[in-house]
Amino acid sequence: MTKITEHIQRANGKTLFSFEIIPPLKGESIQHLFDAIEPLMEFKPPFIDVTYHREEVIDKKHSNGLIEKVSIRKRPGTVGICARIMERFKVDAVPHMICGGFTRDETEDMLVDLHYLGIDNVLVLRGDPEKSAGVFKPREGGHAYASELLQQVMQMNKGILLHQETESYPTSFCTGIAGYPEKHFEAPNLETDFKYLKMKVDMGAEFIVTQMFFDNAKYIEFVKKCRQAGILVPIIPGLKPLTTKKQLTVLPRIFHLDLPDDLVKAVEECKTDKEVKLVGIEWCIQQCKELIAFGAPVMHFYTMSKSDPVKAIAQAIF
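Following our numbering, the numbering of the sequence shown begins with 2 at its first residue and continues without gaps.
Here it is in structure tokens:
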């Protein structure tokens, strides 16, 4: 399989198309996921990202009236999905790796599985806190920061395991990290955010995928500041078309981003979500045209495993 950085190098300046999917809910057919991927394959994505989801604590009510707190993982299967995507679509799969809900040993085992499957690209993230907690807390024996998780991947690339009981061989993971054009919401300021971003690149991260944004000026300024700081790896913009009016409040709250005034006004004037979807698609098309002109290496779309809006955008761009 091919590393993300190699895909970008081989494109010789041409902007690539890629997207992210989420695993189906436990018990659902993987065919639903394939049905979402199929319409986008005509645009020849060299890679597809697959998210990873930590466990959630839910209240399970028993017949006797007692309520038990149960920890479940609603969307398992990331590693298996990656293997099936590679087999079925002949493209690279990029699994997300997260700190939340995993010990270091479990992380190492996952990396071993990926290595055996020939999956050489990973996107390293801290991940979200438990919904009931509000703040991120690592599992006992797990990583508290994405930098710690990244360090473990880099150690495996040197052939160093947590418990060196046998002779081990180096892995060759091409590792990406997240970037935040509008600042990570927990960082006190942009300068601090850049300091940690640079630290992770110096540790060995080879590409950056940004949080979604709707104002290209934020991405362009982010790239310029990265280059000034000596961060020279590819910076892939993450994009998502608006599809419902509700997202005007949901996206800023969840992802800590600003929506441009013109976009907000256009959505507020819509009478139905069908109209909102058309506005969102057109806005994203214009974003893509500007980003391609700027030289962005990849147009990377957050699909939520729904292909229709992204297909409409890709048809206008690629």
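Where is the CB? At the ideal position from N, CA and C, for every residue including glycine.
Notebook entry, point to check: Can you list, in chain order, the residues of its chain whose CB lies under 7 angstroms from that of Ile314, leaving out five sequence neighbours each side?
Noted result: Along the sequence shown, one-based indexing puts residue 314 at 313. Once the five neighbours on either side are set aside, the close Cβ partners of Ile314 are Pro242, Ile282, Cys285, Ile286 and Cys289.
Next item on the list: Since I believe Phe20 is in contact with Phe302 (beta carbons under 8 angstroms), could you give me their beta-carbon distance rounded to a whole number of angstroms?
Entry: Reading the sequence shown from its first residue, position 301 is the one you call residue 302. Reading the sequence shown from its first residue, position 19 is the one you call residue 20. With 8 angstroms as the limit, Phe302 and Phe20 qualify as a contact, their Cβ atoms being about 4 angstroms apart.
Next item on the list: Within the same chain, show all residues whose beta-carbon is closer than 7 angstroms to that of Cys271, passing over the 5 residues directly before and after it, in chain order.
Entry: For this step, residue 271 is matched to residue 270 along the sequence shown. Excluding residues within five positions, the ones whose Cβ falls inside 7 angstroms are Lys246, Val277 and Val280.
Checklist line | Sub-7 angstroms separation of Val51 and Ala84 beta-carbons | finding: Here residue 51 corresponds to residue number 50 of the sequence shown, with the count starting at 1. Here residue 84 corresponds to residue number 83 of the sequence shown, with the count starting at 1. In this structure, Ala84 does not lie closer than 7 angstroms to Val51 by Cβ.
Notebook entry, point to check: Cα-Cα, which of Leu198, Gly205 and Gly177 is closest to Gln229?
Noted result: Mapped onto the sequence shown, residue 229 falls at position 228. The candidate whose alpha carbon is nearest that of Gln229 is Leu198.
Notebook entry, point to check: Which same chain residues, not among the five before or five after Ala267, have their C-beta less than 8 angstroms away from its C-beta?
Noted result: Counting from 1 along the sequence shown, the entry for residue 267 is found at position 266. Contacts found: Val280 and Trp284.
Check: Is it true that the CB of Lys201 sits closer than 7 angstroms to the CB of Leu151?
Finding: What you label residue 151 is simply residue 150 of the sequence shown in a count that begins at 1. What you label residue 201 is simply residue 200 of the sequence shown in a count that begins at 1. In contact: Leu151 and Lys201 (Cβ atoms closer than 7 angstroms).
Checklist line | Beta-carbon spacing of Ile237, Val299 below 7 angstroms | finding: Here residue 237 refers to the residue found at position 236 of the sequence shown. Here residue 299 refers to the residue found at position 298 of the sequence shown. Closer than 7 angstroms, so yes.
Margin query: Could you tell me which whole alpha helix (DSSP H) segments of length 4 or greater appear in the segment 236–265?
Written below: 248–256
Check: So Lys219 packs on Asp121, CB below 8 angstroms; how close in whole Å?
Finding: By 1-based counting over the sequence shown, the position of residue 219 is 218. By 1-based counting over the sequence shown, the position of residue 121 is 120. About 31 angstroms separates the two Cβ atoms, so there is no contact after all.
Notebook entry, point to check: Do Cys175 and Glu207 have their C-beta atoms within less than 7 angstroms of each other?
Noted result: For the purposes of this step, residue 175 is taken as the residue at position 174 of the sequence shown. For the purposes of this step, residue 207 is taken as the residue at position 206 of the sequence shown. For Cys175 and Glu207, yes; Cβs fall inside 7 angstroms.
Notebook entry, point to check: My guess is that Arg89 and Phe35 are in contact by the Cβ rule of under 8 angstroms, so how many angstroms apart are they, rounded?
Noted result: What you label residue 89 is simply residue 88 of the sequence shown in a count that begins at 1. What you label residue 35 is simply residue 34 of the sequence shown in a count that begins at 1. The Cβ separation is near 7 angstroms, so the contact holds.
Check: Does the distance from the C-beta atom of Glu356 to that of Ser72 stay below 7 angstroms?
Finding: No information on residue 356 is available, as it lies outside the stretch 2 to 319 that the chain covers here.
Checklist line | Counterpart residues of Val51 in DSSP-defined beta bridges | finding: Within the sequence shown, residue 51 is the residue found at index 50, counting from 1. According to DSSP, which records beta bridges pairwise, Val51 is partnered with Ile22 and Pro96.
Next item on the list: Could you check how far apart the C-beta atoms of Leu115 and Val125 are, in whole angstroms? I think they sit under 8 angstroms.
Entry: Numbered from 1 along the sequence shown, position 114 holds the residue referred to as residue 115. Numbered from 1 along the sequence shown, position 124 holds the residue referred to as residue 125. Not confirmed; about 12 angstroms, so no contact.
Margin query: Please give the ranges of any beta strand (DSSP E) in the segment 174–221, keeping only runs that are unbroken, at least 3 residues long and fully inside the region.
Written below: 175–180 and 208–213
Notebook entry, point to check: Excluding sequence positions up to five away, which residues of its chain have a Cβ less than 7 angstroms from the Cβ of Gly128?
Noted result: Numbered from 1 along the sequence shown, position 127 holds the residue referred to as residue 128. Counting only Cβ-Cβ distances below 7 angstroms, and skipping sequence neighbours, we find Arg55, Ile99, Cys100 and Gly101.
Check: Can you name, in chain order, every residue of its own chain whose Cβ lies under 6 angstroms from the Cβ of Glu183, other than the five neighbours on each side?
Finding: What you label residue 183 is simply residue 182 of the sequence shown in a count that begins at 1. Lys219 and Leu258.
Checklist line | DSSP-derived helix/strand/coil call for Ser148 | finding: Counted from its first residue, the sequence shown places residue 148 at position 147. Reduced to three states, the DSSP call for Ser148 is helix.
Next item on the list: Could you check what DSSP says for Thr60 in three-state terms: helix, strand or coil?
Entry: Along the sequence shown, one-based indexing puts residue 60 at 59. The displayed chain sequence assigns Asp, not Thr, to residue 60. Strand at Asp60.
Next item on the list: Look up Phe302 in the DSSP assignment and give the residues it is bridged to.
Entry: What you label residue 302 is simply residue 301 of the sequence shown in a count that begins at 1. DSSP, once it has assigned bridges, lists Phe20 and Leu240 as partnering Phe302.
Note to self: What residue range does the alpha helix (DSSP H) around Ile31 cover?
What the structure shows: Here residue 31 refers to the residue found at position 30 when the sequence shown is read from its first residue. Residues Ile31 to Ile38.
Notebook entry, point to check: Are the beta-carbon atoms belonging to Ser308 and Ile22 less than 7 angstroms from one another?
Noted result: The residue given as residue 308 occupies position 307 in the sequence shown. The residue given as residue 22 occupies position 21 in the sequence shown. It is not a contact, given that the beta carbons lie outside the stated cut-off.
Next item on the list: Note down the Cα distance separating Lys61 from Leu67, rounded to an integer number of angstroms.
Entry: One-based indexing of the sequence shown puts residue 61 at position 60. One-based indexing of the sequence shown puts residue 67 at position 66. Lys61 and Leu67: Cα-Cα distance of roughly 8 angstroms.
Check: Would a C-beta distance cut-off of 7 angstroms place His97 and Tyr53 closer than the cut-off?
Finding: Along the sequence shown, one-based indexing puts residue 97 at 96. Along the sequence shown, one-based indexing puts residue 53 at 52. Result yes, Cβ atoms of His97 and Tyr53 sit closer than 7 angstroms.
Notebook entry, point to check: Using the rule of at least 16 other Cβ atoms within 10 Å of the residue's Cβ for burial, across every protein chain shown, is Phe295 buried or exposed?
Noted result: For the purposes of this step, residue 295 is identified with residue 294 of the sequence shown, where counting begins at 1. Counting Cβ neighbours within 10 Å, Phe295 comes out exposed, since fewer than 16 surround it.
Item checked: Sub-7 angstroms separation of Ile49 and Ile86 beta-carbons -> Taking the first residue of the sequence shown as 1, we reach residue 49 at position 48. Taking the first residue of the sequence shown as 1, we reach residue 86 at position 85. It is a contact, given that the beta carbons lie within the stated cut-off.
Checklist line | Minimum C-alpha distance to Asp1 - residue among Asp263, Gln248 and Ala297 | finding: Absent from the structure is residue 1, since the part of the chain shown begins at 2 and ends at 319.
Margin query: Which residue marks the beginning of the alpha helix (DSSP H) containing Lys73, and which one marks its end?
Written below: For the purposes of this step, residue 73 is taken as the residue at position 72 of the sequence shown. The sequence as given places Ile at residue 73; Lys does not occur at that position. Not the alpha helix (DSSP H): Ile73 falls in the beta strand (DSSP E), residues Ile68 to Ile73.
Next item on the list: Could you check the C-alpha separation between Pro25 and Glu131 for me, to the nearest Å?
Entry: Counted from its first residue, the sequence shown places residue 25 at position 24. Counted from its first residue, the sequence shown places residue 131 at position 130. Their backbone Cα atoms lie some 20 angstroms apart in a straight line.
Item checked: Thr79 classed as buried or exposed, judged by whether at least 16 other C-beta atoms fall within 10 angstroms -> Along the sequence shown, one-based indexing puts residue 79 at 78. Under this definition Thr79 is a buried residue.
Next item on the list: Can you check DSSP and say which residues form a bridge with Leu126?
Entry: For this step, residue 126 is matched to residue 125 along the sequence shown. Its beta-bridge partners are Ile99.
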